[in-house]
Every structure is written in structure tokens, then in C-alpha cells.
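All remarks here apply to the structure that follows.
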Amino acid sequence: MNVRDHGIAVRSKAIGMLEAGVSLKDVALRLGVGLRSIKRWWAAAKCGHSLETKARSGRPKTLNRAAKIVIAKSLEKRRHSTRNIAKSLAEKGYSASSSTVYRHLTKNLGARAFKRPQIPRITERVKGNRLLFAHNHKDWTIEDWRKVL
Numbered sequence: 342m343n344v345r346d347h348g349i350a351v352r353s354k355a356i357g358m359l360e361a362g363v364s365l366k367d368v369a370l371r372l373g374v375g376l377r378s379i380k381r382w383w384a385a386a387k388c389g390h391s392l393e394t395k396a397r398s399g400r401p402k403t404l405n406r407a408a409k410i411v412i413a414k415s416l417e418k419r420r421h422s423t424r425n426i427a428k429s430l431a432e433k434g435y436s437a438s439s440s441t442v443y444r445h446l447t448k449n450l451g452a453r454a455f456k457r458p459q460i461p462r463i464t465e466r467v468k469g470n471r472l473l474f475a476h477n478h479k480d481w482t483i484e485d486w487r488k489v490l
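Converting from the sequence shown to the working numbering requires adding 341 to each position, the first position being numbered 1.
Shown next, in the form of C-alpha cells:
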């Protein structure tokens, strides 16, 4: 729910308080709503207009709240690509492209793309070689090491 979308119950409560004689400022303070919103609702009520939210123009949102929750939970695991997340959304009945998922992850959730650095695996043979090297060179002085470099 958008911050500006106050429910019909809040609007009706505000109009009821205004009809009971409460001032505009007091209604705004008690309900935690902006004064301009209260004035607009009061003007609409005086003219006989509906208090319900009107349909808005523009492109509808691709991701609803449930889809956003699915994306946020997949972020916790850190193993999914945007393509895999989009596939899992499609399986659950939400249509979203991988670019939509990427946009939501970066802009809304603050996630950043990263690639885990490749760490060489230390096998038993490598461990043995390192240990042997350490034993062979444990008594070297700084002068000995300077000759190497």
C-alpha cells in the first residue's frame, strides 16, 4: 500500500470527525494524515463525491506484494540467478521477466551483483608440499629471503 493510499475507513473517520465539529488540524493530527488530504476529502464530501480511491492511469505494476516477498526470500539464499528467480515466479503463477526481477533486486532491495572469487582447493598433496617447504625453510634468516627476491 502506497503511503498516500489511505483506506476508505480512515477517510470516512475523518469526514465523521469533521461533521462532528472537530477542526481540520485536529483531525489531521489524530489520524496522522496530511492536512491537504483532509481538506481534499472534506471538499469531495461536500460536493457529494465518493471517498473511494479512483482508478489511476498508467501501466499496472508487474510485481505484486506476494511476488516481491518471493524475490526477497530468494535473496536470502544467495544461490539464485535472476533467471532462476523469474522461473520460480512463473511456476507460482506470477509473470515477471528476469530484467524485472533484477530491477527489483537492485533498486528496491539494494542487492548488488557479485561473483564469488575462485579459491584454489588445497589437496592433501598440496598440504604436504607446503608443510615440507615450511620445514625446509624454517631456519632461514631475513638475509636468506632477500637473496630469493
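For glycine and all other residues, C-beta sits at the position ideal for the given N, C-alpha and C.
Collapsed DSSP secondary structure at N477 in the structure displayed: helix
Count Cβ pairs between the region 412–419 and the region 442–452 that sit closer than 8 Å; are there 3 or more? Judged by Cβ distances under 8 Å, the region 412–419 makes contact with the region 442–452, as three or more pairs qualify.
My guess is that L365 and L372 are in contact by the Cβ rule of under 8 Å, so how many angstroms apart are they, rounded? With 8 Å as the limit, L365 and L372 do not qualify as a contact, their Cβ atoms being about 11 Å apart.
Between which residues of its own chain and T464 is the CB-CB distance below 6 Å, once the five residues before and five after are set aside? none
With burial defined as no fewer than 16 other Cβ atoms inside 10 Å of the residue's Cβ, what is the status of W486: buried or exposed? exposed
Write down every uninterrupted run of the alpha helix (DSSP H) in the region 370–449 whose length is 4 residues or greater and which is fully enclosed by it, in chain order. 376–388, 406–418, 423–432 and 439–444
Please work out which residues of its chain come closer than 8 Å, Cβ to Cβ, to S493, disregarding the five sequence neighbours upstream and downstream, and give them in chain order. No answer is possible for residue 493: the residues shown for the chain start at 342 and end at 490.
Could you spell out where the alpha helix (DSSP H) holding R487 opens and where it closes? I483 to V489
Just to confirm the assignment, what range does the alpha helix (DSSP H) spanning R352 have? I349 to E360
Is L359 near V351, with beta carbons less than 7 Å apart? No; because the gap between Cβ atoms is not below 7 Å, this pair is not in contact.
Please state whether DSSP places D346 in a helix, a strand or coil. coil
Other residues of its chain near T423: CB distance less than 6 Å, five sequence neighbours each side excluded: S439, V442 and Y443
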